[in-house]
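Residue numbers (this note's numbering), protein chains in the order written: chain A, 10 to 176; chain B, 59 to 385; chain C, 29 to 803.
The beta carbon of each residue, even a glycine, is placed where N, CA and C say it ideally should be.
From a predicted model like this one, the values you see are computed outputs, not experimental measurements.
Step one of this worksheet: look at the structure below.
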Amino acid sequence: MAISINGRDVALPDDPRVSLADLLRDDLHLTGTKIGCNQGGCGACTVLLDGARVLSCLTLAVQAEGRRVTTIEGLAEADQLHPLQAAFIAQDGFQCGYCTPGQICAAEALLRELAEGLPSYVTADITAPAPLSAEEIRERMSGNLCRCGAHPGIVAAILQVAEERAA
Amino acid sequence: MIPFSYSRAGTAEQATAAAASGHRLLGGGTNLVDLMRRGVEQPERLVDVTGLSDDIRPTPQGGLMIGGAVRNAALAGHPAVRREYPVLSRAVLAGASAQIRNMATVAGNIMQRTRCAYFTDAATRGCNKRSPGSGCDAQGGFSRYHAILGGSSACIATHPSDMCVALAALDAQVHLASAAGLRVVPLVEFHRLPGDAPHLDTVLQPGEIITALELPPPPAAMRSAYRKVRDRASYAFALVSVAACVTVDRGTLTDIRLAFGGIAPKPWRALRAEEALRGTPATPQAIAAALALDFAEAKPLDGNAFKLPLASRTAMAVLADLIGDAA
Amino acid sequence: MSRVQNAVIGSVRTVVGWLPERWLPGGSPDPLIGRHGEVGRQLGHLDGPLKVTGAARFAAEVPLEQLCHAALVHSPVARGRIATLDTRAAEAAPGVVLVLTHRTMPRLEPVPLISITNMTAVGNSALPILQDPEIRYNGQVVALVLAETPQQADFAASLIDISYDEAPARTRFEAAKPQARTPASILVERNEEAVGDAEAALRQSAFQVDAIYTTPGHNHAAIEPHAVTAAWTGDRLVLHDATQAIAPTAAALAKLFDIRREDVRVLSPFVGGGFGAKGFWDHHVLAVAAARLVRRPVRLVLSREAVFRMVGGRSPTEQRVALAAEAGGRFTALIHTGYSVMPPYGACPEQYTLGSRALYRAQNVRFGQKHLDLDVVPNTYMRAPGEAVGSFALESAVDELAHQMSMDPIELRLRNDPEVHPLSGIPFSQRALAEAYRQGAEAFGWAARNATPRTRREGEWLLGMGCATGSFPYVRMPAGAVRIRLTRDGRASVACSAQDMGMGTATVQSQHAADRLGLPLAAVSFEMGDSDLPPAPMAGGSGQTVSIVAAVAAAATKLTGELLRLAGNASPLAGLRAGEVRLQEGGLVSLADPARRDSFDAILSRAGREDITVTESAAAPLEMFKYAMQSQSANFCDLRVSAVTGEIRITRLLGVFDVGTILNPRTAASQLRGGMIMGLGMALSEEVLFDERSGRIMNAGLADYHIPAHLDIPEIDVRWTGIPDPRSPLGARGIGEIAITGVAAAIANAVFNATGTRLRDLPLTLDKLLEEEGA
């Protein structure tokens with residue numbers, strides 16, 4: 010058995026201590042996935058595991074056996090930018106760029122969660138599909154820290170893509 | 059991290075057998091892997107139990123049975139939970155981040171360990187929970203996130219879960235399995251108070267595992283709320299949280315379940331206040347007086363004395379909203 | 029900083045003051061000021077595609093053959109000696125390549141400390157690194173392990189068995205006060221300044237505020253942890269680094285490891301946030317030494333915990349601000365004094381009183397700072413060192429005084445707005461704080477504020493507004509060169525070892541170079557991030573942009589002269605001198621007669637050249653001594669406070685910045701918002717929890733040191749006066765730091781307006797509100 014990473018099968022590491030983030034960065038040189046704290050406290054290592062956003066720093070690579078991992082490198086089609094990547098550029102959703110891949114992966118999952126009508130802590134009526142709003146995006150992105158203070162641009166970029174998809 | 063072996067359990071039997079032979083159970087890893095990296099936890103054998111039941115299904119009694127491996131996000135997003143137990147959805151959604159909720163399991167959430175800084179820093183000497191008999195550096199140190207109720211001279215750590223606070227208010231039951239058989243423990247009795255053995259977080263016995271959580275049927279016309287008070291608007295542990303479930307009938311509080319997070323080593327049911335208020339119109343003055351019954355035994359420190367008024371005021375506001383909306 | 033330095037700086041000021049303006053940089057305004065070109069245009073970060081696709085490679089991400097991974101062991105005690113040390117188990121652990129302790133570490137000299145006058149000195153700590161068994165602070169590195177994998181290195185590090193003989197440590201702020209030191213100077217300013225008798229004026233005035241304001245330690249918390257990858261080939265070193273100081277790091281390493289400067293190459297094309305933290309620390313020395321010993325490349329990535337333990341943050345401060353005014357509002361006394369931590373082996377005084385010296389006119393003043401020696405990792409500069417925390421104290425006090433006087437706090441500020449620098453009497457190069465307040469008050473709707481606290485309410489939420497001034501000095505670094513290579517096809521590449529921690533260095537410097545060289549943006553490239561390029565100064569003091577702009581301008585002047593020389597007598601420009609032409613539209617053009625022109629292509633073709641390269645350094649930044657050059661900002665905050673829980677939630681922030689020319693409105697707005705967000709974090713939640721019993725930081729992680737999360741951050745409106753500074757290159761002053769200043773005070777002032785409770789201790793947490801209310 011193996012892990013499917015961006016569509017390619019990758020062998021499991023021999024050492025179970027290797028986290029998914031370590032596997033991506035050290036062994037596969039997929040360094041778009043960042044490690045900011047290695048403690049689950051910042052979200053820089055966010056990847057999609059079977060489409061759901063998870064922290065690759067707290068996921069043991071062996072736990073991903075038989076599952077599908079998508080990283081920032083696998084988000085876009087061929088040489089195109091993913092709409093979120095383009096929107097992050099258009100809205101200045103970054104400065105140093107270190108938290109950016111994690112923000113974008115989290116945002117991709119967020120848009121899917123919103124489309125599925127899943128609630129958040131700030132959703133007024135959790136029995137109904139959550140509305141699209143800046144506040145909803147802020148709450149749902151709160152697991153991705155940014156120290157440069159690009160938050161307004163990040164929220165604007167996600168809103169832009171959400172509105173494009175809704176149109 | 060020390061070297062460890064990794065295996066997976068496909069069934070509860072395999073998991074209990076592994077637990078009986080000294081394996082630590084690994085769920086989403088959001089707490090255990092972090093603590094292993096910090097050197098606070100050093101298991102030599104891990105058994106991955108995320109392959110166990112992740113079903114949420116109705117019980118014959120009209121409640122819900124929630125598999126131990128259900129992810130927190132799946133629990134919060136489940137239509138029946140959102141509809142029938144919104145306090146639980148909200149509590150889960152108040153915790154951690156979307157990523158962590160996608161990873162963490164229900165059983166793992168219950169089993170998570172305290173965030174006390176003196177516990178999570180393996181280089182700190184005094185922590186009876188991490189190293190029995192070594193003392194408690196939190197007392198006389200930073201105690202802002204620590205207990206005002208239920209602590210002991212040996213330990214004042216709080217249980218950090220939001221989910222468990224709602225579960226406490228909902229009278230949830232924890233289903234346990236071991237080679238010796240099955241047993242069911244009310245959630246409010248599952249976590250231990252530290253006393254002189256703070257290293258024991260729960261009543262779970264060696265070789266025993268959590269297989270499921272059971273929610274009793276929701277009372278008809280129950281109104282509920284979860285309010286979390288914290289330093290950051292999101293992605294922070296609670297200073298105080300309140301889960302409240304009430305039923306109001308023509309101005310009278312016919313049922314009330316009230317639980318607090320952030321103030322005790324376990325989710326804290328305010329049983330005295332509940333009893334004092336049940337069957338009354340629950341005026342603000344009555345609520346304040348009733349809460350004082352529960353907080354009478356509080357032992358606040360300089361660093362956390364603010365939690366007494368904070369818990370009380372937050373609960374009063376939550377109850378006033380629920381009762382006001384029902385009126 | 030010494031008395032000698034005071035004397036030197038003082039005499040420079042005096043001499044420069046006598047010099048005619050035209051002899052000085054800034055004497056005649058930069059001709060590019062006000063010209064509409066690439067500068068001033070909206071342009072996104074040029075490296076955006078690399079960053080959003082994950083293709084930008086940071087220091088820990090360079091793939092190298094034979095790489096080994098490092099892990100560190102830190103002392104859990106604050107003071108003492110290593111008593112026993114047993115590394116056998118670690119050495120025998122799987123994959124271990126090297127265990128380095130004070131016994132095996134090569135003997136090295138201390139690193140030269142950062143200094144204003146020596147741009148190649150870069151150290152943050154004068155303490156020895158693994159040179160002896162002494163423990164000098166909790167968190168000090170006591171061992172390094174190299175192994176084949178990071179997992180093996182981490183595990184082996186845990187097997188090193190160390191015991192300590194503990195000694196008493198100085199870890200208590202209060203207890204250290206009786207032994208506080210009073211330094212002669214703070215940076216290049218004399219520390220203690222007094223005009224008149226401020227204490228007497230304070231007692232005699234109609235209105236006065238005299239209060240203590242406290243701020244905790246702060247951590248930069250850049251999301252990229254510090255990391256280096258060090259590779260030796262013989263006696264040549266390549267270091268992949270995350271640094272704000274490329275050239276100084278290369279110089280320091282060459283000196284320390286006794287190799288030639290040209291045999292060190294420091295590469296740092298991307299830096300995942302700096303804010304002052306990404307300077308030179310022990311990990312540089314450890315990784316380079318270890319790599320040399322094992323003759324293999326070494327990667328050392330600090331754990332998040334290690335970032336807190338071995339890289340200093342912002343010092344805690346305890347500040348006294350006393351302000352007095354006569355009935356008309358004129359300040360009769362201003363006193364700003366206090367304590368911060370600065371161990372004698374550190375390099376960075378937290379200059380919290382410097383901003384106050386330039387901000388208000390007062391009849392009597394007294395300023396002075398005291399340093400406390402504690403056994404801690406030395407503090408370092410963090411975004412707007414001094415002003416960030418100093419403005420909290422000063423601008424809270426101004427608000428307190430305004431409330432006492434029933435005067436609008438903006439009005440009170442403007443009544444004390446100085447015409448010239450209040451201490452030196454030197455004229456300001458440009459100053460438009462009043463205009464910033466006018467614009468801000470109008471855009472924000474300041475008129476809607478009710479000056480009586482606790483009067484506006486929505487449900488359980490008390491509403492409040494506040495404002496405060498921010499400030500930061502203009503800095504241009506006294507060094508820095510650039511190289512310009514111009515090719516016949518009219519393309520230019522501009523190069524220096526500049527740093528980019530996310531500000532958009534290459535982006536704005538490309539814009540600037542296009543205008544300076546008279547080329548379209550697409551024809552210009554800007555190379556940076558490499559110590560093999562001409563040395564740029566460190567990115568600090570918000571001074572990098574103008575420092576490089578000045579060097580590019582100098583190099584462009586030199587290029588013009590060289591081109592004229594090459595153009596020769598066959599040129600339409602024959603006979604003209606460098607000052608009589610300018611670079612425009614791909615060639616040289618006569619200033620007097622624009623019809624006389626010669627293209628780069630024609631000049632180089634006639635000379636039989638494919639290209640021309642010049643390297644030049646900027647003139648010394650004497651404008652900083654001739655003029656008082658200071659940026660200001662007007663900050664506004666609208667917030668709500670729960671009357672139930674005391675939770676504070678910011679509704680809106682607005683900042684109007686008087687910072688000279690804005691070079692790129694997009695990157696500038698982003699950077700200014702970012703600074704305000706860091707100010708918001710400082711106001712509401714950021715605090716290093718330093719346990720004074722053990723000298724240990726108890727929240728050394730991002731889950732517990734609370735920087736703002738998305739939900740904490742409201743709409744943020746940033747604007748600027750846009751008035752160029754006639755004395756600075758391009759009319760610009762730095763914008764990297766000013767935006768954090770004044771924000772915490774604006775928030776604290778808004779909290780007072782909402783609740784009637786005055787909090788003077790950061791962060792403004794709900795427990796403090798509840799306690800004040802209960803008291």
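The shortest C-alpha to C-alpha distance from A:Thr-136 to any of B:Met-161, B:Val-145, B:Ala-165 and B:Ser-155 is the one to B:Val-145. In the same chain as A:Thr-79, and ignoring 5 residues on each side of it, the C-beta atoms closer than 7 Å to its own belong to Asn-15, Val-56 and Leu-57, in chain order.
The beta carbon of B:Asn-160 sits closer than 8 Å to some beta carbon of chain A. Distance between C:Ala-375 and C:Phe-298, taken at the CA atoms: about 26 Å.
Taking 8 Å as the cut-off, the Cβ atoms of C:Leu-514 and C:Asp-639 count as close. With respect to C:Pro-437, C:Gly-784 sits apart: the two C-beta atoms are not nearer than 8 Å.
Within chain C, no C-beta atom comes less than 7 Å from the C-beta of B:Ala-317; the nearest is roughly 17 Å away. Taken in chain order, the members of the segment 269 to 298 of chain B whose beta-carbon sits within less than 7 Å of a beta-carbon on chain C are Val-287, Asp-289, Arg-290, Ala-291, Ser-292, Tyr-293 and Ala-294.
Note on the segment 692 to 742 of chain C: whole alpha helix (DSSP H) runs with a minimum of 4 residues are 693 to 712, in chain order. The beta-carbon distance between C:Leu-547 and C:Gly-614, rounded to whole angstroms, is 6 Å. This is short enough to meet the 8 Å contact definition.
Using a CB distance below 7 Å, the part of the segment 50 to 77 of chain A facing chain C consists of Gly-50, Cys-51 and Ala-53, ordered along the chain. Taking 8 Å as the cut-off, the Cβ atoms of C:Pro-562 and C:Ala-509 count as close. In chain order, Leu-717, Asp-719, Met-726 and Asn-727 make up the part of chain C whose C-beta sits under 9 Å from the C-beta of B:Phe-200. In the pairwise beta carbon analysis, the segment 165 to 173 of chain A is classified as not touching the segment 58 to 78 of chain A: fewer than three pairs are separated by under 8 Å.
Boundaries around C:Ser-553 are those of the beta strand (DSSP E), 552 to 555, since no alpha helix (DSSP H) includes it.
By the beta-carbon neighbour count (other beta carbons within 10 angstroms, threshold 16), C:Val-448 is exposed. Between C:Ala-258 and C:Val-316, the CB-CB gap stays under 8 Å. Proximity of B:Leu-368 to chain C, defined by a Cβ-Cβ separation below 8 Å, is satisfied. C-alpha of C:Val-642 to C-alpha of C:Pro-53: approximately 21 Å in a straight line. Using a Cβ distance threshold of 8 Å, B:Trp-326 and B:Ala-317 count as a contacting pair. Chain B has a Cβ within less than 8 Å of the Cβ of A:Ala-115. Within chain C, Ser-186 have C-beta atoms less than 7 Å from the C-beta of B:Gly-97, given in sequence order. For C:Gly-498, the enclosing beta strand (DSSP E) has its first and last residue at 489 to 501. With a threshold of 16 other beta carbon atoms within 10 Å, C:Pro-371 meets it and is buried.
The three-state secondary structure of B:Cys-303, taken from DSSP, is strand. Counting only unbroken stretches of 3 or more residues, the beta strand (DSSP E) elements lying wholly within the segment 224 to 277 of chain C are 235 to 243, 255 to 261 and 264 to 269, in sequence order. Contact residues of the segment 531 to 546 of chain C toward chain A are Met-531 and Gly-532 (C-beta to C-beta distance below 9 Å). Per the coordinates, the alpha-carbon of A:Asp-88 lies some 15 Å from the alpha-carbon of C:Gly-76. Among the residues of chain B, none has a CB under 7 Å from the CB of C:Pro-253; the nearest is roughly 14 Å distant. Within the same chain, Cβ atoms closer than 7 Å to the Cβ of C:Ala-774 are found at Gly-494, Cys-495, Ala-496, Asn-663, Phe-664 and Cys-665, the five residues on either side in sequence being excluded. Rounded to the nearest whole angstrom, the C-alpha separation of C:Glu-415 and C:Ser-424 is 13 Å. In this structure, DSSP gives B:Asn-130 a helical state, which the three-state scheme calls helix. Judged by beta-carbon spacing, C:Ala-208 lies within the 8 Å limit of C:Tyr-367, meaning their Cβ atoms are closer than that value. C:Gly-487 and B:Gln-72 have their C-alpha atoms spaced approximately 55 Å apart.
Per the Cβ contact rule, the segment 707 to 724 of chain C is not in contact with the segment 116 to 132 of chain A (fewer than 3 Cβ pairs under 8 Å). Spanning the alpha carbons of C:Glu-743 and C:Ala-523 requires a straight line of approximately 38 Å.
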